[in-house]
């Protein structure tokens, strides 16, 4: 299936509440926390249960009012109508298997991971597969943890829904309506296409930012000079280097073939700029930058 923007408008939710109004967020951080804040603010849920790897994170989320209680995974799933999983992708497959073994045909499970193929393949034959909707809200910041969660986080952003044909149509419609109500633009892809395109527009940006930060830290030994001289251009380019390694290393490894493909092209482009400078080829240097300016037509 090729990627395509869905032009249809979704129907309004028949009820402002999801089932009895209980949401479970597995992983209490930036994405899940922002999702919980948004759903509670819209009146779609009235009670949020958090499942966290650490007591410290759960306590932060409780203190911030993001969750109403913290429970172990099995207890949280059994009490919830809607389960939203936003944890590092290397942990997602195992946790999702546990969740899918616990749910009934009245519950909906959604993930928010940055890779999709491995997860979708792992659940393909599960008897409850139709209760799962694979999604990727294309939003995030360089910050992590429940304290990074914000309201209106998803407004105007894209959300990819993968392999909707394997999910129950009513479950898909519920998820579509939620993301639409949060202001997201829905895009539909198969899992392999998602991972390829995510490598091109998201994963390479993070690798480049990490690499640039390491380059500057290696060459510029005076931290004060970095702080004093770094302008807006550098700061915006290297901003993503502050992102969590615990989140991004698994993404790079799980999507390594696509990441290697785009990384090889990026290295080839850097070599072109390097060759222009070495050979003092002003014309080709200018040509490379003029070609890069074409991105203005896409990104306003």
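In our numbering, the protein residues as written are 809 to 1108. Virtual Cβ for every residue (Gly too), placed ideally from N, Cα, C.
Less than 8 Å between the CB atoms is what I'm expecting for residue i and residue j, so what's the real figure, rounded?
i            : j            : result
residue 970  : residue 942  : 4 Å
residue 1007 : residue 1070 : 5 Å
residue 900  : residue 1059 : Not really, about 11 Å apart at Cβ, beyond 8 Å.
residue 827  : residue 889  : 3 Å
residue 897  : residue 1062 : 5 Å
Determine the burial state of residue i: buried for a count of at least 16 other Cβ atoms within 10 Å of its Cβ, exposed for fewer.
i            : result
residue 1081 : exposed
residue 815  : In this predicted model, residue 815 has a pLDDT of only 38, less than 50, meaning its place in the structure is not dependable; the value taken from the coordinates is given anyway. With fewer than 16 Cβ atoms within 10 Å of its Cβ, residue 815 is classed as exposed.
residue 819  : Any reading at residue 819 needs caution, since the residue's pLDDT is 45, under 50, leaving its predicted position unreliable; the model's value is listed next. When all chains shown are included, residue 819 counts as exposed.
residue 1022 : exposed
residue 1041 : exposed
residue 958  : exposed
residue 1066 : buried
residue 1075 : exposed
residue 1107 : exposed
residue 972  : buried
residue 1044 : exposed
residue 1004 : buried
Alpha carbons only, please: which of the options is nearest the one belonging to residue i?
i            : options               : result
residue 869  : 1090, 881, 853, 833   : 833
residue 849  : 864, 875, 935, 1043   : 875
residue 1017 : 1050, 996, 994, 988   : 1050
residue 861  : 843, 886, 835         : 835
residue 1078 : 1019, 1107, 953       : 1019
residue 852  : 879, 1045, 957, 990   : 990
residue 1015 : 1029, 1056, 984, 1003 : 1056
residue 950  : 986, 919, 1013        : 1013
residue 953  : 1026, 922, 884, 867   : 867
residue 907  : 913, 929, 881, 932    : 881
residue 930  : 948, 904, 919, 913    : 904
residue 893  : 877, 865, 858, 883    : 858
residue 913  : 1027, 978, 955, 1009  : 978
residue 1046 : 1063, 838, 1025, 933  : 1025
residue 946  : 856, 1034, 1010       : 1010
residue 840  : 961, 915, 879, 985    : 961
residue 1002 : 981, 1072, 944, 872   : 944
Within its chain, find whatever has a CB closer than 8 Å to the CB of residue i; leave out the 5 residues flanking it on each side and keep chain order.
i            : result
residue 854  : 825, 829, 830, 848
residue 911  : 885, 891, 917, 936, 939
residue 1084 : 1090, 1092, 1093, 1096
residue 1052 : 952
residue 1028 : 1034
residue 980  : 941, 969, 972
residue 965  : 945, 946, 947, 991, 992, 993
Can you name, in chain order, every residue of its own chain whose Cβ lies under 6 Å from the Cβ of residue i, other than the five neighbours on each side?
i            : result
residue 1088 : none
residue 956  : 838
residue 928  : 942, 971, 999
Using a Cβ-Cβ cutoff of less than 7 Å, which residues in the same chain neighbour residue i once the five nearest sequence positions on both sides are dropped?
i            : result
residue 895  : 834, 835, 903
residue 1099 : none
residue 934  : 908
| message | Please give me, in chain order, every unbroken run of the beta strand (DSSP E) with length at least 3 that falls completely inside the segment 958-987. | response | 966-970
| message | Threshold first: 4 residues or longer. Then list the alpha helix (DSSP H) segments lying entirely within the segment 831-862, N to C. | response | Along the segment 831-862, the alpha helix (DSSP H) occurs as fully enclosed runs of 4 or more residues at 838-850, listed in sequence order.
| query | Which ranges would you report for the alpha helix (DSSP H) in the segment 1020-1067 if only whole runs of at least 4 residues count? | reply | 1031-1037, 1040-1046, 1053-1062
| said: Please give me, in chain order, every unbroken run of the alpha helix (DSSP H) with length at least 4 that falls completely inside the segment 915-948. | reply: The qualifying runs are 925-931.
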